[in-house]
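Below: the structure, in structure tokens.
There are 2 protein chains.
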Amino acid sequence: MPCNKFGWHGKFKECGYRVTVGRKEILDVLTKTTGHLSAEEIYLKVHEKYQSIGLTTVYRTLDVLASIGLLQKFDFGDGRARYEIIDATNEKGHHHHLVCTECKRIIDYKDFIDEEVELLRKTEKALSEKYKFEIKNHLIQFYGLCSECQEHR
Amino acid sequence: MPCNKFGWHGKFKECGYRVTVGRKEILDVLTKTTGHLSAEEIYLKVHEKYQSIGLTTVYRTLDVLASIGLLQKFDFGDGRARYEIIDATNEKGHHHHLVCTECKRIIDYKDFIDEEVELLRKTEKALSEKYKFEIKNHLIQFYGLCSECQEHR
DNA sequence: TTTGCTAATGAAAACCATTTCCATTTATAA
DNA sequence: TTATAAATGGAAATGGTTTTCATTAGCAAA
Ligand SMILES: [Mn+2]
Ligand SMILES: [Mn+2]
Ligand SMILES: [Zn+2]
Ligand SMILES: [Zn+2]
Numbered sequence: 001m002p003c004n005k006f007g008w009h010g011k012f013k014e015c016g017y018r019v020t021v022g023r024k025e026i027l028d029v030l031t032k033t034t035g036h037l038s039a040e041e042i043y044l045k046v047h048e049k050y051q052s053i054g055l056t057t058v059y060r061t062l063d064v065l066a067s068i069g070l071l072q073k074f075d076f077g078d079g080r081a082r083y084e085i086i087d088a089t090n091e092k093g094h095h096h097h098l099v100c101t102e103c104k105r106i107i108d109y110k111d112f113i114d115e116e117v118e119l120l121r122k123t124e125k126a127l128s129e130k131y132k133f134e135i136k137n138h139l140i141q142f143y144g145l146c147s148e149c150q151e152h153r
Numbered sequence: 154m155p156c157n158k159f160g161w162h163g164k165f166k167e168c169g170y171r172v173t174v175g176r177k178e179i180l181d182v183l184t185k186t187t188g189h190l191s192a193e194e195i196y197l198k199v200h201e202k203y204q205s206i207g208l209t210t211v212y213r214t215l216d217v218l219a220s221i222g223l224l225q226k227f228d229f230g231d232g233r234a235r236y237e238i239i240d241a242t243n244e245k246g247h248h249h250h251l252v253c254t255e256c257k258r259i260i261d262y263k264d265f266i267d268e269e270v271e272l273l274r275k276t277e278k279a280l281s282e283k284y285k286f287e288i289k290n291h292l293i294q295f296y297g298l299c300s301e302c303q304e305h306r
């Protein structure tokens, strides 16, 4: 249910947040992009269509979106946070990442997600019971060298 | 083989790094601690025994250790990097994390269900073949609310 | 042991992503 | 339309991390 074009509006109000032009445009950029954008990159894209947006508002909106579970914040090791919408209805859907520690390239993958999903379900259940921990989300990243960076060795 | 008390010395030299007092003390702190220390926390602990250490050197040493695979750098969302030695011979050994998004508490777990280890192996193999990606390490974190933070709701 | 080369170091300054401050604007319910 | 509090933008502050540079120290060779 989270974040399709018809859902976020309602979810926003539920949580007591106002729907503003800036927030709409930020969500629009996030849902349309295929990359892993930083706050500044999001700001620049929004700014193309809506010049009065401020970088501060971008940061604040990203916080809001993450706090209500519509957005996931990543640290890929390049010194700035990067963001990706959480949307099961998105063509990308939930996926995990391969992170090249050399060139910082990010590879999305969801090929093996079936088995992984099954295991994740089990693991999450076991963990939440043992540690009385309420799991809301997870992060799985594999670090190493992409094919190109293996060659330059 | 990475990082037992007898191994890191050799690995250091192999990689062309000099063995210095500061580096020894930093490694000592890292191998003895049970927590997830930040650069400043490491600096303070080392400083107790070796006053002439500088924070800059701590940062530089942490980079070196991470680059040769003796140390893993984490982002738990509290605005600073945190570090943990990678050491199979350590009493803690390889483990994953539960991260409370409310109080920032970190729970280590290594009581993997059997399938978890096996699936990881399979996944890593499949991914490295399909994407020609050489996997060196992985990061698995579950985000949510710890038992205490569930109550304060 | 001594020497020479170069990596390593510490302190201060710079960097820069993110946050805070605050005066102004705007969404929204009445 | 109005009142009220949330949201906003720009400037300044913050603070973790990196860079700079003059000095120190590890270590291979003699
Ligand atoms: Mn992705
Ligand atoms: Mn841990
Ligand atoms: Zn690469
Ligand atoms: Zn908690």
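The listed protein sequences correspond, in order, to chains A and B. This note's numbering puts the first residue of the first sequence at 1, with every later residue one more than the last. This note's numbering puts the first residue of the second sequence at 154, with every later residue one more than the last. Even glycine gets a Cβ: it sits at the ideal position worked out from N, Cα and C. Quick caveat, the model's predicted, so the values are computed rather than measured.
Thinking just about the alpha-carbon of each residue, which of B:277, B:221, B:280, B:257 is nearest to the one in residue 300 of chain B? By 1-based counting over the second sequence, the position of residue 300 of chain B is 147. Comparing Cα positions, the closest option is B:257.
For ligand 1, any of its heavy atoms closer than 7 Å to the Cβ of residue 108 of chain A? For this step, residue 108 of chain A is matched to residue 108 along the first sequence. In this structure, the C-beta of residue 108 of chain A approaches ligand 1 to less than 7 Å from one of its heavy atoms.
Give me whichever residues DSSP pairs with residue 292 of chain B in a beta bridge. The residue labelled residue 292 of chain B in the question sits at position 139 within the second sequence. A:141.
Just the Cα atoms here: how many angstroms apart are residue 18 of chain A and residue 12 of chain A? In the first sequence, counting from the first residue as 1, residue 18 of chain A sits at position 18. In the first sequence, counting from the first residue as 1, residue 12 of chain A sits at position 12. Residue 12 of chain A has its alpha-carbon roughly 7 Å from the corresponding atom of residue 18 of chain A.
Taking only beta-carbon atoms, is residue 139 of chain A less than 8 Å away from chain B? In the first sequence, counting from the first residue as 1, residue 139 of chain A sits at position 139. Residue 139 of chain A belongs to the set of residues whose beta carbon lies under 8 Å from a beta carbon in chain B.
Reduced DSSP secondary structure (H/G/I, E/B, other) of residue 12 of chain A: In the first sequence, counting from the first residue as 1, residue 12 of chain A sits at position 12. In this structure, residue 12 of chain A counts as helix in the three-state DSSP scheme.
Look at the Cβ atom of residue 262 of chain B, then the Cβ atom of residue 251 of chain B, and state whether they are nearer than 8 Å. Position 109 of the second sequence, counted from the first residue, corresponds to residue 262 of chain B. Position 98 of the second sequence, counted from the first residue, corresponds to residue 251 of chain B. For the pair residue 262 of chain B and residue 251 of chain B, the CB atoms are nearer than the 8 Å cut-off.
Straight-line CA distance for residue 117 of chain A to residue 48 of chain A? Locating residue 117 of chain A in the first sequence gives position 117, where the first residue counts as 1. Locating residue 48 of chain A in the first sequence gives position 48, where the first residue counts as 1. So the two alpha carbons sit approximately 38 Å from each other.
Cα-Cα separation between residue 131 of chain A and residue 77 of chain A, rounded to whole angstroms: Numbered from its first residue, the first sequence carries residue 131 of chain A at position 131. Numbered from its first residue, the first sequence carries residue 77 of chain A at position 77. For residue 131 of chain A and residue 77 of chain A, the gap between their C-alpha atoms comes out near 29 Å.
Using a Cβ-Cβ distance under 8 Å, would residue 144 of chain A count as near chain B? Working through the first sequence from its first residue, we reach residue 144 of chain A at position 144. Yes, residue 144 of chain A counts as interfacial toward chain B.
Could you pull out every residue in the same chain whose Cβ sits closer than 8 Å to the Cβ of residue 212 of chain B, ignoring the five residues on either side in sequence? Numbered from its first residue, the second sequence carries residue 212 of chain B at position 59. Listed in chain order, the non-local C-beta contacts of residue 212 of chain B below 8 Å within the same chain comprise 192, local neighbours out to five positions each way being set aside.
Residues that residue 238 of chain B contacts on chain A, provided the C-beta gap is smaller than 8 Å: Residue mapping note: residue 238 of chain B aligns to position 85 of the second sequence, counting from 1. Simply none; closest approach about 16 Å.
Within this structure, are the beta carbons of residue 189 of chain B and residue 260 of chain B separated by less than 8 Å? The count along the second sequence starts at 1 and reaches residue 189 of chain B at position 36. The count along the second sequence starts at 1 and reaches residue 260 of chain B at position 107. Cβ distance not < 8 Å, so residue 189 of chain B and residue 260 of chain B don't count as in contact.
Taking only beta carbons into account, state which residues of the segment 97-110 of chain A come closer than 9 Å to chain B, listed in chain order. Of all residues in the segment 97-110 of chain A, only 98, 99, 100, 101, 107, 109 come within less than 9 Å of chain B when Cβ atoms are compared, listed by chain position.
How would you list, in chain order, the residues of chain B whose beta-carbon sits under 8 Å from the beta-carbon of residue 132 of chain A? Numbered from 1 along the first sequence, position 132 holds the residue referred to as residue 132 of chain A. Simply 299, 300, 303.
Completely contained alpha helix (DSSP H) runs for the segment 28-76 of chain A, where each covers 4 or more residues: Scanning the segment 28-76 of chain A for uninterrupted alpha helix (DSSP H) segments of 4 residues or longer gives 39-49, 55-67, listed from N- to C-terminal end.
Beta-carbon proximity list for residue 65 of chain A, same chain, < 6 Å, skipping 5 on both sides: Along the first sequence, one-based indexing puts residue 65 of chain A at 65. Around residue 65 of chain A: 71.
Return the bridge partner residues of residue 82 of chain A from the DSSP annotation. Taking the first residue of the first sequence as position 1, residue 82 of chain A is located at position 82. Residue 82 of chain A pairs with A:38, A:74.
So residue 288 of chain B contacts chain A; which residues on that side make the cut at Cβ distance below 9 Å? Start at 1 with the first residue of the second sequence, and residue 288 of chain B comes out as number 135. Residues of chain A passing the Cβ test: 98, 142, 143, 144, 145.
If the cut-off is 8 Å on Cβ atoms, which residues from the segment 184-203 of chain B count as contacting chain A, listed in chain order? Of all residues in the segment 184-203 of chain B, none has a Cβ within less than 8 Å of some Cβ in chain A.
Distance between residue 173 of chain B and residue 272 of chain B (C-alpha atoms, nearest Å): Position 119 of the second sequence, counting from 1, holds the residue named residue 272 of chain B. Position 20 of the second sequence, counting from 1, holds the residue named residue 173 of chain B. Cα atoms of residue 272 of chain B and residue 173 of chain B: separation of roughly 40 Å, rounded to the nearest angstrom.
Which residue's Cα is closest to the Cα of residue 208 of chain B: B:179, B:185, B:184? Taking the second sequence and counting its residues from 1, the one referred to as residue 208 of chain B is at position 55. In terms of Cα proximity to residue 208 of chain B, the closest of B:179, B:185, B:184 is B:179.
Which same chain residues, not among the five before or five after residue 289 of chain B, have their C-beta less than 8 Å away from its C-beta? For the purposes of this step, residue 289 of chain B is taken as the residue at position 136 of the second sequence. Hits under 8 Å: 222.
So, for residue 23 of chain A: in the same chain, excluding its five sequence neighbours on each side, which residues have a beta-carbon less than 6 Å away from its beta-carbon? For the purposes of this step, residue 23 of chain A is taken as residue 23 along the first sequence, with counting starting at 1. Excluding residues up to 5 positions away in sequence, 61 lie with their Cβ nearer than 6 Å to the Cβ of residue 23 of chain A in the same chain.
Looking only at C-alpha atoms, which of A:93, A:45, A:63, A:8 sits nearest to residue 254 of chain B? Numbered from 1 along the second sequence, position 101 holds the residue referred to as residue 254 of chain B. The residue with the shortest Cα to Cα distance from residue 254 of chain B is A:63.
Is residue 116 of chain A near ligand 4, going by C-beta to nearest heavy atom under 7 Å? Stepping through the first sequence from its first residue, residue 116 of chain A is reached at position 116. No, the beta carbon of residue 116 of chain A sits no closer than 7 Å to any heavy atom of ligand 4.
State the beta-bridge partners of residue 269 of chain B as determined by DSSP. Here residue 269 of chain B refers to the residue found at position 116 when the second sequence is read from its first residue. Paired residue(s): none; residue 269 of chain B is not in a bridge.
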